[in-house]
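If you read the sequence shown in the numbering used here, its first letter stands for residue 1, the second for the next number, and so on.
Here a beta-carbon is modelled for each residue, glycine too, at the ideal position from N, C-alpha and C.
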Amino acid sequence: MAAFRTLDDIGDIAGKVALVRVDLNLPMKDGSASDVTRVEAARPTILELCEKGAKVLLLAHFGRPKGQRSSVLSTSMVVGDVEGVLGKELMFIPEVSGPVVEQSIGILSNGDVGLLDNVRFWPGEEANDPDFAKAIAAHGDLFVNDAFSAAHRAHATTEGLAHYLPAYAGRAMEAELKALDAALGNPETPVAAVVGGAKVSSKLDVLTNLVGKVQHLIIGGGMANTFLAARGVDVGKSLCEHDLTDTANKIMDEADHAGCTVHLPYDVVVAKEFAANPASLRTCNVHEVAENEMILDIGPQAVEALADVLKTCRTLVWNGPLGAFETEPFDEATVALAKTAGALTQDGSLVSVAGGGDTVAALAHAGVKDDFTFVSTAGGAFLEWMEGKTLPGVAALSS
Ligand code: ADP
Ligand code: MG
Numbered sequence: 001m002a003a004f005r006t007l008d009d010i011g012d013i014a015g016k017v018a019l020v021r022v023d024l025n026l027p028m029k030d031g032s033a034s035d036v037t038r039v040e041a042a043r044p045t046i047l048e049l050c051e052k053g054a055k056v057l058l059l060a061h062f063g064r065p066k067g068q069r070s071s072v073l074s075t076s077m078v079v080g081d082v083e084g085v086l087g088k089e090l091m092f093i094p095e096v097s098g099p100v101v102e103q104s105i106g107i108l109s110n111g112d113v114g115l116l117d118n119v120r121f122w123p124g125e126e127a128n129d130p131d132f133a134k135a136i137a138a139h140g141d142l143f144v145n146d147a148f149s150a151a152h153r154a155h156a157t158t159e160g161l162a163h164y165l166p167a168y169a170g171r172a173m174e175a176e177l178k179a180l181d182a183a184l185g186n187p188e189t190p191v192a193a194v195v196g197g198a199k200v201s202s203k204l205d206v207l208t209n210l211v212g213k214v215q216h217l218i219i220g221g222g223m224a225n226t227f228l229a230a231r232g233v234d235v236g237k238s239l240c241e242h243d244l245t246d247t248a249n250k251i252m253d254e255a256d257h258a259g260c261t262v263h264l265p266y267d268v269v270v271a272k273e274f275a276a277n278p279a280s281l282r283t284c285n286v287h288e289v290a291e292n293e294m295i296l297d298i299g300p301q302a303v304e305a306l307a308d309v310l311k312t313c314r315t316l317v318w319n320g321p322l323g324a325f326e327t328e329p330f331d332e333a334t335v336a337l338a339k340t341a342g343a344l345t346q347d348g349s350l351v352s353v354a355g356g357g358d359t360v361a362a363l364a365h366a367g368v369k370d371d372f373t374f375v376s377t378a379g380g381a382f383l384e385w386m387e388g389k390t391l392p393g394v395a396a397l398s399s
């Protein structure tokens, strides 16, 4: 990983204006946020800059206004939620550049926080228009990016600003980059990757990148069915992408050449209908799935074998549940392996990093979110990082 500057490198910023990109794209319910995790993540950076005496101007997007103003997509909607988390009053500024911003900066005292309006109200944001970025940069002395979740986008406030102002990673960005580097950039080996979820097609680039980087590739979830089918297993009515069996075979060949062991389940949990605790529920060997059955989870023997694999590993990266975990009892394999990974992490023998919308939900359901070394809530950015891609917002901080 290329070096990047952090708040430790920032020097004396008393009275300076810090433009801080954060993730305030909060899920809303009845006019207020139903989850403020993203604000909590940005809190240390914002308060640290305030303590150093900067005037902090927050930049964020909120929903998809497609380059036009929209009253319901104004960041003013989240002022109360942000104030609650920061324990501080915010000045809402209904622009991102120009005289209104200039006057507002004049009113702010050192250590105060202003919130600019939704950066996506202006087409220049998503177009990464240099003039738009320069107009915003004109108000600031430094740029701090604390929104890893938006770093896979080359937009004006996620990438462009870093070209016009001294740029620093905020504390949340720093923690995320360090965790990801410890998992795949510079990991202690052996490394295991768990890739699960519904479909191979949505994670082809992830699988291709991982086979060259990890010693154990554990495939679960619906995508295991496609790999099993590629090996000649009849998966019955299971979710399976039959048109991708050649691709699955190619990935297994590449893994072979790279010295990566691919782990597929020997036993599976099947049912004739997809419902909670169905009457037709049974566990069987992968070769015994009937024509009218679906594989909805990997089996207990497979979980035991995978736990043994994790015990030999030093690093784990996990994306995707092993079964249809939202419906009982198809959460059992995911919960059991997550608990093993959490316990190994707590014992100090494993560095564990996980990410993905459903994966975070599954780990929370297993009650082990806090036992992992790092759990990323950045959906798209986390997946692109697992694909081995350079994230523009991160690259801009290292140049
Ligand atoms: P993430 O959001 O963590 O990247 P995905 O969106 O790729 O994960 O996959 C999660 C979905 O995969 C869940 O909704 C889960 O129910 C589904 N899934 C897992 N295993 C199976 C299976 N055997 N059959 C059908 N769906 C499955
Ligand atoms: Mg998902």
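Check whether the stretch 298-306 touches the stretch 237-253, taking contact to mean three or more Cβ pairs, one atom from each stretch, closer than 8 Å. no
Helix, strand or coil: how does DSSP classify residue 385 here? Within the sequence shown, residue 385 is the residue found at index 385, counting from 1. In the structure shown, residue 385 sits in a helix (DSSP, three-state: H, G or I).
Can we count residue 356 as close to the ligand MG, meaning its CB is less than 7 Å from some heavy atom? Within the sequence shown, numbered from 1, the residue matching residue 356 stands at position 356. The answer is yes for residue 356.
Let me confirm a value: residue 8 is counted as buried when at least 16 other C-beta atoms fall within 10 Å, else exposed. Which label applies? Taking the sequence shown and counting its residues from 1, one reaches residue 8 at position 8. Burial call: exposed.
On the premise that residue 121 lies in contact with residue 68, defined as a C-beta separation below 8 Å, what is that separation, rounded to the nearest angstrom? Within the sequence shown, residue 68 is the residue found at index 68, counting from 1. Within the sequence shown, residue 121 is the residue found at index 121, counting from 1. Confirmed, Cβ separation roughly 6 Å.
Nearer than 7 Å: is that true of the beta carbon of residue 196 relative to any heavy atom of the ligand ADP? Residue mapping note: residue 196 aligns to position 196 of the sequence shown, counting from 1. The nearest non-hydrogen atom of the ligand ADP is less than 7 Å from the C-beta of residue 196.
Helix, strand or coil for residue 322 per DSSP? The residue labelled residue 322 in the question sits at position 322 within the sequence shown. Three-state DSSP puts residue 322 in coil, outside helix and strand.
What are the complete alpha helix (DSSP H) segments, minimum 4 residues, inside the stretch 193-275? Those alpha helix (DSSP H) runs which fall completely within the stretch 193-275 and span 4+ residues are 204-211, 221-230, 245-258.
Assuming residue 64 is part of the alpha helix (DSSP H), what are its boundary residues? Residue mapping note: residue 64 aligns to position 64 of the sequence shown, counting from 1. Note, residue 64: premise wrong, no alpha helix (DSSP H); not H, not E.
DSSP beta-bridge partners of residue 164: Here residue 164 refers to the residue found at position 164 of the sequence shown. DSSP lists no partner for residue 164.
As a quick exercise: from 393, 346, 135, 374, pick the residue whose alpha carbon is nearest that of residue 381. If you number the sequence shown from 1, residue 381 lands on position 381. Measuring from the Cα of residue 381, the nearest candidate turns out to be 393.
Are at least three pairs of beta-carbons, each pair with one atom in the stretch 199-212 and one in the stretch 144-164, less than 8 Å apart? no
Excluding the 5 residues preceding and the 5 following residue 322 in the sequence, name in chain order all residues of the same chain whose CB lies nearer than 7 Å to its CB. Stepping through the sequence shown from its first residue, residue 322 is reached at position 322. Excluding positions up to five away in sequence, the list reads 196, 220, 221, 297, 298, 333, 334, 337.
Run the proximity test for residue 239: is its beta-carbon closer than 7 Å to any non-hydrogen atom belonging to the ligand ADP? Your numbering for residue 239 matches position 239 in the sequence shown. For the ligand ADP, at least one heavy atom lies less than 7 Å from the Cβ of residue 239.
Taking Cβ positions, are residue 348 and residue 319 nearer each other than 8 Å? Counting from 1 along the sequence shown, the entry for residue 348 is found at position 348. Counting from 1 along the sequence shown, the entry for residue 319 is found at position 319. In this structure, residue 319 does not lie closer than 8 Å to residue 348 by Cβ.
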